[in-house]
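Below: one structure, written as structure tokens.
Have a look at this one:
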């Protein structure tokens with residue numbers, strides 16, 4: 008029983024060590040996607056400024072290791088610009 012529990016705990020921890028760095032790498036890519044869309048599209052200054060500020064917040068959250076919150080900010084920036092919902 009103890010060996011099984013130990014194996015399960017070890018597997019969960021190992022998965023966390025693998026998934027976290029991969030998830031962290033998603034933030035900069037998604038931030039850049041929105042920035043690229045901003046350069047290609049025509050947005051009014053207010054929306055562009057708001058999206059830029061939101062992406063700045065996303066970058067700070069990413070650098071602080073708060074990747075879930077960073078991706079939420081990326082979603083907010085996409086919503087401001089009216090971009091389609093991203094799946095990530």
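Numbering (our numbering), first residue to last: 8 to 95. Cβ atoms here follow ideal geometry from the backbone N, Cα and C, with glycine treated the same way. No experiment lies behind these values; they were computed from the predicted model shown.
On a CA-only basis, which of the options is nearest residue i? Give me that one, please.
i          : options    : result
residue 63 : 72, 89, 38 : 38
residue 70 : 32, 9, 48  : 32
Using 8 Å for Cβ pairs, my map puts residue i next to residue j. What's the rounded Cβ distance?
i          : j          : result
residue 80 : residue 68 : 6 Å
residue 77 : residue 65 : 5 Å
residue 82 : residue 34 : That pair is no contact at about 12 Å.
Give the DSSP-derived three-state secondary structure of residue i in the structure shown.
i          : result
residue 8  : coil
residue 88 : helix
residue 63 : helix
residue 49 : coil
residue 71 : coil
Given a threshold of 16 other Cβ atoms within 10 Å of its Cβ, counted over all protein chains shown, does residue i qualify as buried or as exposed?
i          : result
residue 84 : buried
residue 91 : exposed
Say whether the segment 33 to 52 touches the segment 60 to 77, bearing in mind that this needs 3 or more beta-carbon pairs closer than 8 Å, one atom from each stretch. yes
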